[in-house]
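*Asks:* In this text, residue positions in the sequence shown follow our numbering: the first is 65, and each later residue adds one. Note that beta-carbon positions come from the ideal geometry of N, C-alpha and C, so glycine has one too.
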Amino acid sequence: MELLNQIKEQARKLNRTIVLPEGEEIRTLKATDIILKEGIAKIVLLGDPGKIADEAKKCGANIEGAEMINPKTSGKRDAYADLMVEIRKKKGLTKEEALEMLNDPLTYGPMMIKAGDADGEIAGAINATGDVLRPAFQFVKTMPGVSVVSGAFMMFLKDKSFGHDGVLVFADCAVMPDPDAQQLAEIAVTTAKTAKAIVGMEPKVAMLSFSTKGSAKHDLVDKVAQATKLAQSMAPELKIDGEMQLDAALVKEVGELKAPGSEVAGQANVLVFPGLEAGNIGYKLVQRLAGAEAVGPVLQGMAAPINDLSRGCSVSDIVNMVAITANQAQ
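(1) Thinking C-alpha only, which one of N167, I177, L157, D283 is nearest A20?
(2) Under a CB-based cut-off of 8 angstroms, is I90 close to chain D?
(3) Between the Cα of K106 and the Cα atoms of I98, E89, N79, K121, which residue gives the shortest distance?
(4) Would you say the segment 193-200 touches the segment 352-370, given that touching needs at least three Cβ pairs under 8 angstroms?
(5) Ignoring anything shorter than 3 residues or poking outside the segment 257-285, list the beta strand (DSSP E) runs there in chain order.
(6) Going by beta-carbon coordinates alone, are F201 and I151 separated by less than 8 angstroms?
(7) Between which residues of its own chain and A256 is the CB-CB distance below 8 angstroms, once the five residues before and five after are set aside?
(8) Taking contact to mean 3 or more Cβ pairs, one atom from each stretch, closer than 8 angstroms, check whether the segment 224-238 and the segment 324-344 are in contact.
(9) Hey, A95 and I388 are a contact pair by Cβ (cut 8 angstroms); roughly how many whole angstroms apart?
(10) Assuming Q394 and G264 make a contact with CB atoms under 8 angstroms, what is their CB distance in whole Å?
(11) Within 10 angstroms of its Cβ, does N380 collect 16 or more other Cβ (buried), or is it exposed?
(12) According to DSSP, which residues form a beta bridge with G306?
(13) Round the Cβ separation of L147 and K121 to the nearest angstrom and send it over; I've been treating them as touching at under 8 angstroms.
(14) Look at T171 and M165 and say whether their C-beta atoms are less than 8 angstroms apart.
(15) Measuring CA to CA, which of G129, L163, K153 is closest to D142?
(16) Report, in whole angstroms, the separation of the C-beta atoms of T276 and K322, which I expect to be a contact under 8 angstroms.
(17) Could you name the residues of the same chain whose beta carbon sits closer than 6 angstroms to that of G90, not counting the 5 residues immediately before and after it, in chain order?
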């Protein structure tokens, strides 16, 4: 896809360092070969360097140029442990506990980012989402002014008349089951920033509901309406509008009829769903029934980009997510 090629090209210009904690895993090694060959990012592989080299040889992956670090013997363990103790001092974390935690690549990776030794992380090919995200929440934390992490999908549609030349960004489709109005507003703002950083689009954010501008009365509608006002006050420079139904958000004629004068209605390219249930169902409907390609979830709201892979991910999925993570690290 043309946009993915653009994302990769932008990643090449940024030349970010992305750490891959699952450095001994075959798909990760094959992806590293491609990433280095195409110059998408600098790569750090975590694990036993001997085993990494053996596995790379077995699968025919050329990883020359990747840095290999064994978290159990790294010379930076002491400094990282001190940083961990400082971050978690209110929780009573001891240095001995921190050193033990650093044996796990899923903790060592976020600490590299926190210390400024890497720009982003991709993991999850062989680890559960909770195990990937827990150290990120503990040590990298969320960005200033944001309390919630959410997951966005980039939806590549066959019909180019929708969104940004056929590209829509959906959120939250992965993390928050039932966000309140404040959390939903934060999701809207961070998704707009994701769309701009990764896709390069000028975001037009529709806050979705089963009501458009008060056409229905319900507590669920009130939540979205309140979230819209909060998001607009948080980021007045962004085009955010709601509450609105999906057809009002995407179809010009319907938008003009139901929300006349809106800068978003009928031309939205970012769709913010009122809850995870709707978001997860929505992206899968578009993926399966409209034949759209869904890329993600891209985690947003973290102070630095740390993204979770599906355990069923392909080599190309890892390559694409590394390119996306590099763009997030702008």
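*Replies:* Put simply:
(1) The shown model of the chain, from 65 to 394, leaves out residue 20, and the question about it has no answer.
(2) Among the chains of the structure shown, chain D does not appear; only one protein chain is present.
(3) N79
(4) A contact exists between the segment 193-200 and the segment 352-370.
(5) 268-272
(6) no
(7) P267, V269, A299, L302, I304, V334
(8) yes
(9) Between I388 and A95 the Cβ distance is about 13 angstroms, and since that is not below 8 angstroms, they are no contact.
(10) Contact flag wrong, Cβ pair sits at about 11 angstroms.
(11) The identity of residue 380 in the sequence shown is Ser, whereas the question assumes Asn. The residue in question, S380, is exposed, as its Cβ has fewer than 16 Cβ neighbours within 10 Å.
(12) According to DSSP, which records beta bridges pairwise, G306 is partnered with M271.
(13) About 35 angstroms; that fails the 8 angstroms criterion.
(14) Closer than 8 angstroms, so yes.
(15) Looking from the CA of D142, the closest CA among G129, L163, K153 belongs to L163.
(16) About 4 angstroms separates the beta carbon of T276 from that of K322, a gap short enough to meet the 8 angstroms contact definition.
(17) It should be pointed out that residue 90 corresponds to Ile in this sequence rather than to Gly. Excluding residues within five positions, the ones whose Cβ falls inside 6 angstroms are C123.
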